[in-house]
Amino acid sequence: MTTTAPLAETPPPLVADKPSAASVAKKKLTSPWASLAALVIAVLWTLPTFGLLVSSFRPERAIKTTGWWTFFTDPTVTMDNYKAVLDSENGAGLGSYFVNSLVITIPSVIIPMSLACLAAYAFAWIKFPGRNILFLAIFALQIVPLQVTLLPLLTLYVDAGVANTFWTIWLSHAIFGLPLAIYLLHNFMREIPATLLEAARVDGAGHVSIFFRVLLPLLRPALAAFGIFQFLWVWNDLLVALTFAGGGDSVAPITVALANLSGTRGTAWHLLSAGAFVSILVPVTIFLLLQRYFVRGLLAGSVKG
Amino acid sequence: MFDTADTTAGKFAQMFAAILLFAAVVGIILFIAGRFGGRRGDRIVAYSYLAPTLLMLLVGLVYPGIRTIYQSFFDAAGSAFIGLDNYGTIFTDTDQLTVLRNTVFWVVVTPFVATGVGLLYAILVDKARLESFAKALIFLPMAISFVGASIIWKFVYEFRPDQANVKQIGLLNQVLVWIGGSPQQWLVDSPLNTFLLIVVMIWIQAGFAMTVLSAAIKAIPDDIIEAARLDGVGPWGMFRFVTLPAIRPAVVVVLTTIGIGTLKVFDIVRTMTGGNFDTSVIANEFYSQSFRSDNQGLGSALAVLLFVLVIPIVAYNIRQIRSSEAL
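Protein chains in written order, with my numbering: chain A, 245 to 549; chain B, 153 to 479.
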């Protein structure tokens with residue numbers, strides 16, 4: 245393309261790449277219209293969040309009496325909503341729920357991840373009777389909807405005396421996350437050339453040192469994919485938390501607090517707006533930092549619970 | 153250690169204790185496995201690596217699943233066997249039929265609209281300036297919890313009475329007022345309210361569709377496009393005969409994936425209407441019956457129904473994922 249003499253007067257394209265199928269198809273809509281359509285979708289998708297974000301910085305009275313779009317003609321910014329929503333004395337006390345979310349999420353990611361590493365290694369690199377059947381069974385368990393397990397699990401937790409503790413939620417999320425974690429890690433481990441492991445074995449390495457020295461460094465993308473998927477899943481979960489955590493601020497995560505706030509004080513928009521953004525902050529940050537791993541995890545986890 | 157911790161420090165201490173406990177379990181297993189070197193001990197190593205996983209899955213997934221199926225044949229208190237009566241209720245009771253109707257609305261509308269918007273946007277911003285920024289705008293709702301998204305949209309639908317001195321604070325009603333209409337209680341009127349809840353799910357899922365389909369579009373080989381162009385294929389023909397056939401497997405995967413997620417939608421309905429005003433769906437009704445109305449039998453039957461409905465979509469989804477190399 246670059247070696248041939250430039251063809252007459254055609255101006256150089258703005259984008260240097262070869263045209264893709266989509267960009268050719270796009271020309272049908274001739275650029276201004278295509279840009280306009282894209283702009284309309286982008287605005288529609290951004291405006292609802294933007295409106296609530298602006299509202300969260302407006303005074304309570306202003307939120308309740310005028311629309312957030314009037315902010316631009318009469319800008320008054322306050323942090324009072326955020327103070328009120330975090331204050332446990334006379335606000336919604338979201339602070340302790342936020343702590344609960346963190347305390348719930350971190351083990352709920354680490355526990356299934358470490359157990360799945362062991363299981364996936366066994367499935368991928370050790371021959372033993374029943375391997376294929378077991379792997380297929382675990383793969384199939386991914387599709388069991390959470391709803392099917394909740395009532396009996398709650399009974400089990402009550403009988404074991406751990407009801408309304410973090411343990412119920414850690415264990416539940418770990419269990420629900422295991423099939424996906426094993427599936428993801430197993431697929432990834434199978435792609436590692438067997439010669440690499442053979443070489444280590446010939447050097448006298450056992451399973452443990454093979455795992456830590458050879459496999460673990462190579463597994464980082466798969467671990468990241470599962471980790472971010474599970475993190476967002478657990479942080480954003482409502483159903484499991486609502487079932488096992490109760491409503492009080494000793495165990496329940498921020499999603500439960502927000503859902504309750506929305507149900508009981510549906511008009512307290514100064515609390516709801518600020519509260520929503522407190523809860524959104526962590527997953528969005530994680531997401532933006534680790535975006536490229538997320539799509540892989542998302543696709544693999546599409547059939548989960 | 154198994155109590156409820158009250159202070160922040162206590163909670164974090166309990167968290168670290170739990171992580172350490174599991175680390176110790178893994179350590180012990182590794183230690184045991186380490187003693188069986190060579191290929192002889194392979195079986196022992198494999199089974200000890202699998203032991204904690206299998207235990208947790210048996211106790212936490214397999215047993216509860218079977219138990220729920222069993223319970224779905226019992227009455228509200230779980231004491232008297234009533235055969236298929238719970239399933240009969242789901243398919244004859246007026247309230248339950250509304251639940252089924254709403255679930256059908258959700259599962260039919262959400263995947264197609266979300267995929268359509270995602271595909272259109274993927275094509276529109278392909279190779280545009282600021283492509284990755286434009287994509288991030290649409291994709292960001294994926295990171296927001298369903299609860300957060302519900303609050304965002306509840307604010308859009310917010311209603312204030314139509315009086316002279318009262319101003320609308322919800323965007324949708326304000327737009328309606330600007331163009332000369334009168335404000336509506338959007339979340340109260342059935343069946344329109346169900347579709348307004350569906351909008352929230354579409355808003356969340358379109359970004360997923362866009363990302364997957366955009367990757368599929370970019371994976372189409374250049375020489376195919378070049379060949380079609382030399383043959384004089386126009387833009388619409390390019391989309392119809394080159395792009396669409398090439399990304400068909402990806403489109404099917406996206407449709408089924410969103411379909412599965414939609415079938416199990418709970419948080420949006422719970423947060424926005426609580427299932428009132430005829431907006432309940434199967435997953436929400438399961439929760440209401442099981443934990444609010446204490447009707448364990450009906451709750452279990454609804455959970456089993458969800459399971460049965462999900463299986464064919466998942467099976468089709470997995471077949472498509474396996475057959476498509478692009479993913």
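The beta-carbon is built from N, C-alpha and C at its ideal position, and this holds for glycine as well.
In this text, all values refer to a predicted model and were calculated from it rather than measured experimentally.
Under a three-way DSSP split, which group does Phe-372/A fall into?
The residue given as residue 372/A occupies position 128 in the first sequence. Coil, per DSSP.
Below 7 Å CB to CB, which residues in the same chain sit around Trp-513/A once its five sequence neighbours on both sides are set aside?
As a first step, residue 513/A must be located in the first sequence, where it is residue number 269. These residues qualify, in order along the chain: Ser-299, Ile-307, Lys-308.
Expressed to the nearest angstrom, what Euclidean distance is found between the alpha-carbon atoms of Ser-224/B and Phe-459/B?
Taking the first residue of the second sequence as position 1, residue 224/B is located at position 72. Taking the first residue of the second sequence as position 1, residue 459/B is located at position 307. Straight across, the Cα-Cα distance linking Ser-224/B with Phe-459/B is about 13 Å.
Does DSSP put Phe-226/B in a helix, a strand or coil?
Numbered from 1 along the second sequence, position 74 holds the residue referred to as residue 226/B. Three-state result, Phe-226/B: strand.
So the candidates are Arg-464/A, Ile-436/A, Ala-282/A, Pro-389/A; which of them puts its Cα closest to the Cα of Val-417/B?
Stepping through the second sequence from its first residue, residue 417/B is reached at position 265. Nearest C-alpha to Val-417/B: Pro-389/A.
What residues from the stretch 414-425 of chain B come within 7 Å of chain A, judged by C-beta to C-beta, listed N to C?
Lys-416, Phe-418, Asp-419, Arg-422, Thr-423
Show which residues of chain A have a CB atom less than 8 Å away from the CB atom of Asp-194/B.
Residue 194/B sits at position 42 when you count from the first residue of the second sequence. What Asp-194/B touches in chain A: Ile-370, Lys-371, Phe-372.
Contacting residues, own chain, Cβ-Cβ under 8 Å from Val-522/A (five flanking each side not counted)
Stepping through the first sequence from its first residue, residue 522/A is reached at position 278. Same-chain partners within the cutoff: Tyr-326, Val-329, Leu-330, Leu-338, Phe-342, Ile-498.
So which residues on chain A does Thr-205/B lean against when the C-beta distance must stay under 8 Å?
Counted from its first residue, the second sequence places residue 205/B at position 53. The answer, in chain order, is Leu-359, Ala-360, Leu-362, Ala-363, Ile-382, Leu-422, Ile-426.
Count the C-beta pairs between the stretch 411-418 of chain A and the stretch 484-492 of chain A that are closer than 8 Å, then say yes if the count reaches three, no if not.
yes
So, is Lys-287/B buried or exposed, given that buried needs 16 or more other C-beta atoms within 10 angstroms?
Taking the second sequence and counting its residues from 1, the one referred to as residue 287/B is at position 135. Answer is buried; the Cβ neighbour count reaches 16.
Tell me the DSSP bridge mates of Phe-233/B?
Your numbering for residue 233/B matches position 81 in the second sequence. DSSP, once it has assigned bridges, lists Phe-226/B as partnering Phe-233/B.
Option nearest Val-392/A by Cα separation, candidates Ile-473/B, Ser-452/B, Leu-173/B, Tyr-199/B
The residue labelled residue 392/A in the question sits at position 148 within the first sequence. When each option's Cα is compared against that of Val-392/A, the closest is Ser-452/B.
Under 7 Å between C-beta atoms, does Thr-507/A make it to chain B?
Here residue 507/A corresponds to residue number 263 of the first sequence, with the count starting at 1. Checking the displayed sequence, the identity of residue 507/A turns out to be Gly instead of Thr. Closer than 7 Å to some Cβ of chain B, the Cβ of Gly-507/A qualifies, so yes.
Confirm, please, whether the CB-CB distance from Ala-295/B to Leu-365/B is below 7 Å.
Here residue 365/B refers to the residue found at position 213 when the second sequence is read from its first residue. Here residue 295/B refers to the residue found at position 143 when the second sequence is read from its first residue. Not a contact, by the Cβ cut-off of 7 Å.
Return the residue from the list Ala-398/B, Leu-349/B, Phe-347/B, Gln-357/B that minimises the CA-CA distance to Lys-370/B.
Numbered from 1 along the second sequence, position 218 holds the residue referred to as residue 370/B. When each option's Cα is compared against that of Lys-370/B, the closest is Ala-398/B.
Beta carbon of Ser-605/A nearer than 7 Å to that of Thr-423/B
With chain A running from 245 to 549 in the structure shown, residue 605/A is simply not present.
Would you say the stretch 330-339 of chain B touches the stretch 231-250 of chain B, given that touching needs at least three Cβ pairs under 8 Å?
no
Please confirm whether Ala-370/A and Ala-198/B have their CB atoms less than 7 Å apart.
Within the first sequence, the letter at position 126 stands for residue 370/A. Within the second sequence, the letter at position 46 stands for residue 198/B. Just to set this straight, residue 370/A is Ile in the shown sequence, not Ala. The answer is yes: Cβ separation under 7 Å.
Only counting the same chain, and skipping five residues up and downstream in sequence, which positions put a Cβ closer than 8 Å to that of Val-269/B?
Mapped onto the second sequence, residue 269/B falls at position 117. Hits under 8 Å: Ile-354, Ala-358, Ala-361, Met-362.
Give every residue of the same chain whose Cβ lies closer than 6 Å to the Cβ of Val-406/B, excluding the five residues on either side of it in the sequence, and list them in chain order.
Translated into the one-based positions of the second sequence, residue 406/B becomes position 254. Excluding sequence neighbours, Val-406/B sits near Thr-267, Ala-361, Val-364.
Counting only runs of 4+ residues fully inside the stretch 458-544 of chain A, write out the alpha helix (DSSP H) ranges in chain order.
464-480, 483-488, 498-508, 513-533, 535-544
Hey, Asp-419/B and Ser-231/B are a contact pair by Cβ (cut 8 Å); roughly how many whole angstroms apart?
As a position in the second sequence, residue 419/B is number 267, starting the count at 1. As a position in the second sequence, residue 231/B is number 79, starting the count at 1. With 8 Å as the limit, Asp-419/B and Ser-231/B do not qualify as a contact, their Cβ atoms being about 32 Å apart.
Tell me, to the nearest whole angstrom, how far the beta carbon of Thr-220/B is from that of Val-456/B; I am working on the premise that it is less than 8 Å.
By 1-based counting over the second sequence, the position of residue 220/B is 68. By 1-based counting over the second sequence, the position of residue 456/B is 304. Right, their Cβ atoms sit about 6 Å apart.
For Ile-290/B, which residues from the same chain have a beta carbon less than 7 Å from its beta carbon, with the 5 sequence-adjacent residues on both sides left out?
Here residue 290/B refers to the residue found at position 138 of the second sequence. Here the set comprises Tyr-273, Ala-358, Gly-359, Met-362.
Min CB distance Ser-297/B to chain A below 7 Å
As a working note, residue 297/B is residue 145 in the second sequence. Yes, because at least one Cβ of chain A sits closer than 7 Å to the Cβ of Ser-297/B.
Within the stretch 332-420 of chain B, note down every full alpha helix (DSSP H) run reaching 4 residues or more, in order along the chain.
344-370, 374-382, 396-415
Would you please verify whether the beta carbon of Gly-471/A is less than 7 Å from any beta carbon of chain E?
No chain E is present in this structure, whose protein chains are A and B.
Measuring CB to CB, does Val-178/B end up less than 7 Å from Ser-358/A?
On the second sequence, position 26 is the one that residue 178/B refers to. On the first sequence, position 114 is the one that residue 358/A refers to. Contact flag set, yes.
Please confirm if Lys-272/A has its CB atom under 7 Å from at least one CB of chain B.
As a working note, residue 272/A is residue 28 in the first sequence. Because Lys-272/A carries a pLDDT of 49, less than 50, the predicted location of this residue cannot be relied on, and no value is offered for it.
Glu-442/A classed as buried or exposed, judged by whether at least 16 other C-beta atoms fall within 10 angstroms:
Your numbering for residue 442/A matches position 198 in the first sequence. So Glu-442/A counts as exposed.
Out of curiosity, what's the CA-to-CA distance linking Ile-412/B and Arg-195/B?
Along the second sequence, one-based indexing puts residue 412/B at 260. Along the second sequence, one-based indexing puts residue 195/B at 43. If I take the Cα positions, the gap works out to 37 Å.
Beta-carbon proximity of Phe-301/A to Val-284/A, cut-off 7 Å:
Walking along the first sequence from the start, residue 301/A turns up at place 57. Walking along the first sequence from the start, residue 284/A turns up at place 40. No, the Cβ-Cβ distance between Phe-301/A and Val-284/A is not below 7 Å.
Nearest by alpha-carbon distance to Leu-533/A: which of Leu-422/A, His-417/A, Ala-469/A, Thr-508/A is it?
Residue mapping note: residue 533/A aligns to position 289 of the first sequence, counting from 1. The shortest C-alpha separation from Leu-533/A is found at Ala-469/A.
Is the CB-CB distance between Gln-472/B and Val-404/B below 7 Å?
Taking the first residue of the second sequence as 1, we reach residue 472/B at position 320. Taking the first residue of the second sequence as 1, we reach residue 404/B at position 252. Yes, these two residues count as a Cβ contact at 7 Å.
By a C-beta neighbour count over all protein chains shown, 10 Å radius and 16 as the cutoff for buried, is Ala-252/A buried or exposed?
As a working note, residue 252/A is residue 8 in the first sequence. The predicted model places Ala-252/A with a pLDDT of 37, which falls under 50 and marks its position as unreliable; any figure quoted below should be read in that light. Classification for Ala-252/A: exposed.
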